[in-house]
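Numbering (the numbering used here), first residue to last: 5 to 196. Every residue gets a Cβ at the ideal spot worked out from N, C-alpha and C, and that includes glycine.
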């Protein structure tokens, strides 16, 4: 026989679990490299001179570029109409500093999409705390899923694209050496 107090406790536990699940949603952020006045929004620790010969491969935005300075590739670098000839190149969206690129020449062959939260995120933080950024080079494919994101201080990577069917969004997670994908992880934050 279930006692009334037991029923209330069970009901409270179910309500708490439901409320907790409902508040777990993926947060999305559009990265802002510049302030509204055209100043870098992040600390600049190095300045280089270089060229940008096309839109970013890491993020499909009309203000994001793939740039070159010496033997280094910076992708993405962001421009602002209020910062003529200067681009800001953070390593990832959680960086506290960035490289400033002084542009030689003009920006050409850029991406055409305005910044939005559609498409592939530039970077992801999982619900388990992993911070992962998209890789624009050659990787591997398992079960038709590309190893898209490499994670800081982890042997695991994120495979394919996020599933947005439920909250929080999910994505496959496995080491880069895997031959089978079966585990997913929740996405706490996605940067675009």
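- request: May I have the straight-line CA-CA distance separating residue 146 from residue 183, to the nearest angstrom?
  value: Walking along the chain shown from the start, residue 146 turns up at place 142. Walking along the chain shown from the start, residue 183 turns up at place 179. When rounded, the distance between both Cα atoms is 6 Å.
Minimum C-alpha distance to residue 81 - residue among 93, 150, 73: Within the chain shown, residue 81 is the residue found at index 77, counting from 1. It is 93.
Best match in 195, 174, 142, 167 for proximity to residue 180 [C-alpha to C-alpha]: Position 176 of the chain shown holds residue 180. Nearest to residue 180 by C-alpha distance, out of 195, 174, 142, 167, is 142.
field: 6 Å Cβ shell around residue 121 - same chain, five flanking residues per side excluded
entry: As a first step, residue 121 is located in the chain shown; it is residue number 117 there, counting from the start. The residues are 32, 196.
message: So, with DSSP's three-state summary, where would you put residue 88?
response: Position 84 of the chain shown, counted from the first residue, corresponds to residue 88. The three-state secondary structure of residue 88, taken from DSSP, is coil.
query: Counting Cβ pairs closer than 8 Å, one from the stretch 38-49 and one from the stretch 103-113, do we hit at least three?
result: Between the stretch 38-49 and the stretch 103-113, the count of Cβ pairs shorter than 8 Å is three or higher; the stretches touch.
field: Reference residue 110, options 96, 117, 88, closest by Cα
entry: The residue given as residue 110 occupies position 106 in the chain shown. The shortest Cα separation from residue 110 among 96, 117, 88 belongs to 88.
message: Please classify residue 41 as buried or exposed, where buried requires at least 16 neighbouring CB atoms within 10 angstroms.
response: Residue mapping note: residue 41 aligns to position 37 of the chain shown, counting from 1. Residue environment: residue 41 is assigned as exposed (fewer than 16 neighbouring CB atoms within 10 Å of its CB, all protein chains considered).
- prompt: Which partner residues of residue 33 appear in the DSSP bridge assignment?
  reply: Walking along the chain shown from the start, residue 33 turns up at place 29. Bridge partners of residue 33 according to DSSP: 195.
- prompt: Does DSSP classify residue 173 as helix, strand or coil?
  reply: Against the chain shown, residue 173 aligns to sequence position 169. For residue 173, the secondary structure class from DSSP, reduced to helix, strand or coil, is coil.
- prompt: From the DSSP output, which residues share a beta bridge with residue 2?
  reply: The structure shown does not extend to residue 2, since the chain is modelled only from 5 through 196, so no value can be given for it.
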